Structures are given as C-alpha cells and as structure tokens.
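**Student:** Here it is, the structure, as structure tokens.
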Amino acid sequence: MARRSRAREVAFQVLYQEDLNPPGDAAGSDTLLTQRLGSGDLVEFARELVAGVRCHREEMDALIGQTADNWSLERMAATDRNVLRLGAYEILFTDTPPRVAINESVELAKRFGSAQSAKFVNGILDRLMHQER
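Residues in the sequence shown are numbered from 0 upward in steps of one, following numbering that gives the first Met the number 0.
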C-alpha cells in the first residue's frame with residue numbers, strides 16, 4: 000500500500016470512530032495517527048485530512064446529500080458516509096487530482112465497506128466532481 004494511501008486509511012478510521020462515538024477526542028485521534036503512521040509527513044497529511052473533514056463537514060454533508068439521489072446521510076452505512084466525506088474533502092478543498100481522490104476512496108470502500116460500497120462511493124463522488132467543475 001502506498002504511503003499516502005495508508006495515511007488516508009488511518010484518517011478514515013479516525014473519522015469513522017468520531018462519527019460513531021461523538022464528540023471526537025482530538026488528542027486521542029492525534030495519538031492514534033501517530034501510533035499507526037509513525038512518520039512525520041504521513042501524520043501531518045492525515046492530520047490535515049481529519050481537520051479538513053471536521054471543518055467542512057456540514058458543507059460536505061449537504062453536497063453529498065444533494066448528490067446522492069434518494070439517500071440521506073443517516074441511511075448510509077457509516078463506512079460509506081465517512082469514505083464519502085474524506086473523498087469529497089479531497090476533491091473540493093485540496094490539490095489532490097479529483098480522479099486520484101475518487102480512486103483512493105473507492106479502494107477504502109472496497110476494503111472497509113460492503114460489496115456495493117465501491118460502486119456507490121464511485122458514483123456519488125464522480126457526480127460531485129462533475130457538479131463542482
């Protein structure tokens with residue numbers, strides 16, 4: 000697994016944990032990032048992802064909800080919801096190429112989601128990418 004992919008995976012795990020057990024403990028999240036990633040640049044990248052999703056969560060949730068026809072965020076599996084948040088953040092607020100962000104999100108969905116998660120995540124993020132252009 001590529002280094003940045005690993006950082007995304009750990010950032011996703013932090014976001015998933017915070018989603019299921021709010022409110023999130025920033026110090027505990029940072030400890031988890033450091034323990035799992037070790038390397039300074041990877042920890043920093045993961046921190047930026049987690050902080051960005053936290054900061055823009057309401058805006059991204061609204062966009063994801065509008066893009067996901069007939070699906071509310073509450074009805075989505077927690078894994079899919081958090082993969083979508085992470086992917087949407089990278090598409091909307093970082094210099095990561097949108098196709099890379101989508102591919103990374105699809106890989107996370109394959110690894111942590113259901114059999115349909117990858118297709119679901121791909122469809123929503125692809126629509127979001129085209130809407131935001």
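Even for Gly, the Cβ is constructed at its ideal location relative to N, Cα and C.
Computed from a prediction, not measured in an experiment: that's the story for all the values here.
Grab me the residues of Thr33's own chain with a C-beta within less than 7 Å of its C-beta, minus the 5 sequence neighbours each way, in chain order.
**Tutor:** On the sequence shown, residue 33 is found 34 positions in, with the first residue counted as 1. Correct list, in chain order: Val42.
**Student:** Just verifying my parser: in three-state terms, what is the DSSP assignment at Pro97?
**Tutor:** Indexing the sequence shown from 1 puts residue 97 at position 98. Helix, per DSSP.
**Student:** When you compare each of Val120, Leu91 and Leu72 to Asn102 by their alpha carbons, which one comes out closest?
**Tutor:** Position 103 of the sequence shown, counting from 1, holds the residue named residue 102. Nearest option by C-alpha distance: Val120.
**Student:** Are Val13 and Leu31 touching if we call contact CB-CB under 8 Å?
**Tutor:** As a first step, residue 13 must be located in the sequence shown, where it is residue number 14. As a first step, residue 31 must be located in the sequence shown, where it is residue number 32. Against a cut-off of 8 Å, the Cβ pair of Leu31 and Val13 comes out as a contact.
**Student:** Give me the residue from Phe111, Glu8 and Ala77 with the minimum Cα distance to Leu19.
**Tutor:** Position 20 of the sequence shown, counted from the first residue, corresponds to residue 19. Leu19 has its Cα closest to that of Ala77, out of Phe111, Glu8 and Ala77.
**Student:** Measure from the C-beta of Ala76 to each C-beta in chain D and report whether the shortest distance is under 8 Å.
**Tutor:** In the structure shown, chain D does not exist; there is a single protein chain.
**Student:** Within the chosen definition, does the segment 109-118 reach the segment 44-60 through at least 3 CB pairs nearer than 8 Å?
**Tutor:** Segments in contact, no.
**Student:** By a C-beta neighbour count over all protein chains shown, 10 Å radius and 16 as the cutoff for buried, is Ala67 buried or exposed?
**Tutor:** The residue labelled residue 67 in the question sits at position 68 within the sequence shown. Result: buried.
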